[in-house]
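Respectively, the protein sequence lines represent chains A and B. For the first sequence, the positions run 6 to 209 when the numbering used here is used. For the second sequence, the positions run 6 to 209 when the numbering used here is used. We put the CB at the ideal spot given by N, CA and C, even for glycine. Remember, predicted model here, so these are calculated numbers, not experimental data. A short write-up of the structure that comes next.
There are 2 protein chains.
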Amino acid sequence: MNKPLTGDEITEKRTMLLDCAMSILENEGAGALTVRRLAESAGVSRQTPYLYFKDKAALVDAMRIAGLNRLTETAQAAVAGAEQRDLVEQLRLIGEAYVRFGLDNPALYKLVFTPIRPDEPPTPEHKEAIEANQNVAEARMKSAWQEGLLAMPPDRLNNVFWAALHGLISLRNEGLIADGEIFEQIRADMDYVLACGFINRGEK
Amino acid sequence: MNKPLTGDEITEKRTMLLDCAMSILENEGAGALTVRRLAESAGVSRQTPYLYFKDKAALVDAMRIAGLNRLTETAQAAVAGAEQRDLVEQLRLIGEAYVRFGLDNPALYKLVFTPIRPDEPPTPEHKEAIEANQNVAEARMKSAWQEGLLAMPPDRLNNVFWAALHGLISLRNEGLIADGEIFEQIRADMDYVLACGFINRGEK
DNA sequence: TACCATACTTGACACTGTCAATTGACGTTG
DNA sequence: CAACGTCAATTGACAGTGTCAAGTATGGTA
C-alpha cells in the first residue's frame with residue numbers, strides 16, 4: 006500500500022481499531038488497554054494506531070464517544086416500541102436501560118464518564134454525543150412540560166433524573182450497593198424523582 | 006536509623022508522605038502523581054514510599070480516604086454553627102459545602118470517587134469513611150424522618166440528594182456546565198430534591 | 001569491639017507512550 | 001520500461017513508570 010488512503014478506508018480502519026480496543030476493555034479491563042496490546046490484538050504493528058489516532062488520549066476519547074453513542078442507542082431502543090405509552094413509563098424504561106448498561110459494561114461506563122484530560126475542554130464531537138444522550142430523556146420531559154404535566158423545567162428535572170441514575174451506578178461500581186438491591190433501588194428512586202417532577206403521575 | 010520504628014513514627018511518616026502526595030495532586034495534577042516524584046518531593050529515596058505503602062494503589066487508596074475525611078469535615082464545619090436552624094437549611098449548607106469542595110479540589114474530588122481497582126471491593130476503612138461522609142446529611146434526614154417531615158425514607162432521600170450533587174459536580178468537572186452557572190443550579194436542584202423529599206418545606 | 005537486625009538506598013527489569021529513522025509497495029513520469 | 005517519489009507501515013530508540021531484589025549503613029546489644 007502506498008497511495009493516500011481514501012476517507013472511507015481511514016474510517017474503516019479507525020472503527021476496526023476502535024472495536025478491538027472496546028473488546029479489550031470489556032474482556033480484560035481498563036488496565037490491559039495499552040497501545041501495544043491493541044496493535045497486537047488488531048494484527049498490526051506497534052505504531053500503527055498512531056496513524057489513526059494522534060494520541061492514546063485521542064483513542065480513548067473516540068472510545069468514549071462511541072460508548073456514549075452506544076448508550077444513547079440502547080436507551081432509544083428501550084422506548085422504541087412504547088411511544089404511545091405514559092411519559093412517566095417511558096422515562097422509567099429509559100432509566101432502567103441506562104442502569105442496565107452501566108451494570109453490563111462497567112468498564113466502558115466508567116471510561117465514558119471519566120475525562121482523561123481535566124484541563125482541556127471536551128471536544129465538540131464529545132459534547133454533541135453527550136447532548137444526544139441526555140436528549141433521549143429530555144425530549145420526553147419537554148413534551149410533558151408542554152402538556153403542562155411538569156412541576157419544574159424539563160432541563161432541570163433531567164439534571165436531577167440523570168444525576169440520580171449516575172450516582173447510583175457509580176455507587177454500585179464502587180461496590181457500595183449490592184447487585185441485587187440496585188434494581189429495586191433505581192426503580193424506587195426514579196419513582197421519587199419523577200413524582201417530584203410530575204404534577205400528577207399516571208397510574209399504579 | 007536502625008531500630009524498629011514505633012507505631013507513631015510509622016504513622017507520622019505515612020501522613021507526611023500523604024501530605025506530600027496531596028499537594029502534588031493539587032498543584033501539579035493527577036498526571037504528576039508518581040512514586041518517584043513523591044519521593045523526590047518528600048526528600049527521601051525512590052523506594053522509600055514502598056516502606057509505608059504496599060503499592061501505588063495503596064497510596065492512592067489512603068489518599069482517597071484522607072480526601073473523603075476532609076470532605077466530611079468540611080461538610081460538618083458548614084453546619085457547625087447552624088444546629089438550631091431549619092433542617093432543610095442545614096441540608097442546603099451541607100450541599101453547598103459539598104459542591105464547593107468539588108469545585109475547589111477537582112483533582113482530589115475525582116480521585117476520591119474514582120476507584121482504581123474495580124475488581125477488588127473497597128477496604129473496610131474506605132467503606133467506613135464513605136459512610137461517615139454520607140452520614141452528615143443522612144443524620145439530619147433521619148431527624149426529619151422522626152419528626153414526620155419526610156415524604157420518603159431518609160436513606161433513599163439521601164441517595165437522591167447525594168447523587169444529584171455528585172452528578173452536578175461530575176458534569177462540571179467534565180466542563181459541561183460553566184462555572185458561573187453551577188452554584189445557581191445546585192441551589193435550585195437542591196431545592197427541588199428537598200421539596201420532593203420534605204412534606205412541607207420551611208420558609209421563603 | 002564485633003555483631004546483626006533493620007531503615008534506607010541503589011541496581012535492574014519489564015513495560016509504557018511516543019518520536020524518528022527505515023522499509024517497502026505502488027502510481028507517476030522521464 | 002525503468003527510475004523515481006509518495007506515503008502507509010514497521011522497527012529502533014528513549015525517557016519515564018512501578019516494583020523486585022540486592023546492597024549499604026547505622027546504632028543498640030552481646
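Minimum Cβ-Cβ distance from residue i to chain B less than 7 Å
i, result
"A:Met157", "yes"
"A:Cys25", "no"
"A:Pro127", "yes"
"A:Phe203", "no"
"A:Glu71", "The displayed chain sequence assigns Ala, not Glu, to residue 71 of chain A. By this cut-off, A:Ala71 is not an interface position."
"A:Tyr197", "yes"
"A:Gly180", "yes"
Helix, strand or coil at residue i according to DSSP, with G and I counted as helix
i, result
"A:Leu38", "coil"
"B:Phe203", "strand"
"A:Leu73", "helix"
"A:Leu154", "coil"
"B:Gly107", "helix"
"B:Arg192", "helix"
"B:Leu64", "helix"
"A:Pro4", "Because chain A spans 6 through 209 in this model, residue 4 of chain A falls outside it and cannot be assessed."
"A:Lys132", "helix"
"A:Val141", "helix"
"B:Ala87", "coil"
"B:Leu56", "helix"
"A:Gly48", "coil"
"B:Leu10", "coil"
"A:Phe118", "coil"
"B:Ala102", "helix"
"A:Ala183", "coil"
Within 7 Å, strictly: CB atoms of residue i and residue j
i, j, result
"A:Ala26", "A:Leu43", "yes"
"A:Asn74", "A:Ala134", "yes"
"B:Met157", "B:Gly202", "yes"
"A:Ile29", "A:Ser46", "yes"
"A:Ala169", "A:Asp194", "yes"
"A:Ala102", "A:Ala83", "yes"
"B:Ser191", "B:Val104", "The sequence given here has Ile at residue 191 of chain B, not Ser. Taking 7 Å as the Cβ cut-off, B:Ile191 and B:Val104 qualify as a contacting pair."
"A:Glu130", "A:Ile70", "yes"
"A:Leu199", "A:Val93", "yes"
"A:Leu96", "A:Arg145", "yes"
7 Å Cβ cutoff, residue i in contact with chain A
i, result
"B:Asp194", "yes"
"B:Ala85", "no"
"B:Gly172", "yes"
"B:Val93", "no"
"B:Val165", "yes"
"B:Ala168", "yes"
"B:Leu10", "no"
Straight-line Cα distance separating residue j from residue i
i, j, result
"A:Gly34", "A:Trp167", "26 Å"
"B:Gln89", "B:Gln81", "14 Å"
"A:Leu173", "B:Arg19", "33 Å"
"A:Leu113", "A:Glu31", "7 Å"
"B:Asp60", "B:Pro126", "16 Å"
"B:Phe58", "B:Val65", "9 Å"
"A:Lys132", "A:Leu76", "15 Å"
"A:Ala137", "A:Asn164", "14 Å"
"A:Ala37", "B:Lys115", "22 Å"
"B:Glu17", "B:Gly153", "47 Å"
"B:Gly185", "B:Asn178", "13 Å"
"B:Ala142", "B:Ala87", "13 Å"
"A:Leu22", "A:Pro54", "7 Å"
"B:Pro159", "A:Thr128", "39 Å"
"B:Val40", "B:Ala67", "14 Å"
"B:Val117", "A:Ala62", "22 Å"
"A:Lys147", "A:Asn140", "10 Å"
"B:Ile15", "A:Gly107", "41 Å"
"A:Asp109", "B:Gly12", "44 Å"
"A:Gly48", "A:Asp24", "13 Å"
"A:Gly180", "B:Gly180", "27 Å"
"B:Glu189", "B:Pro111", "19 Å"
"B:Leu56", "A:His171", "38 Å"
Residue i Cβ short of 6 Å to the ligand COA heavy atom set
i, result
"B:Arg145", "This structure does not include the ligand COA; it has no bound ligands of any sort."
| message | Can you pull out the residues from the stretch 95-121 of chain A whose beta carbon lies closer than 8 Å to at least one beta carbon of chain B? | response | Flagged, chain order: Pro111, Ala112, Lys115, Phe118, Thr119 and Pro120.
* Which residues, in order along the stretch 126-148 of chain B, keep a beta-carbon less than 8 Å from a beta-carbon of chain A? -> Pro126, Pro127, Lys132 and Ile135
Please list, in chain order, the residues of the stretch 46-74 of chain B that have any C-beta partner in chain A closer than 8 Å.
none
Checklist entry - When you check each C-beta in the stretch 12-38 of chain B against every C-beta of chain A, which residues fall closer than 8 Å? => result Gly34 and Ala35
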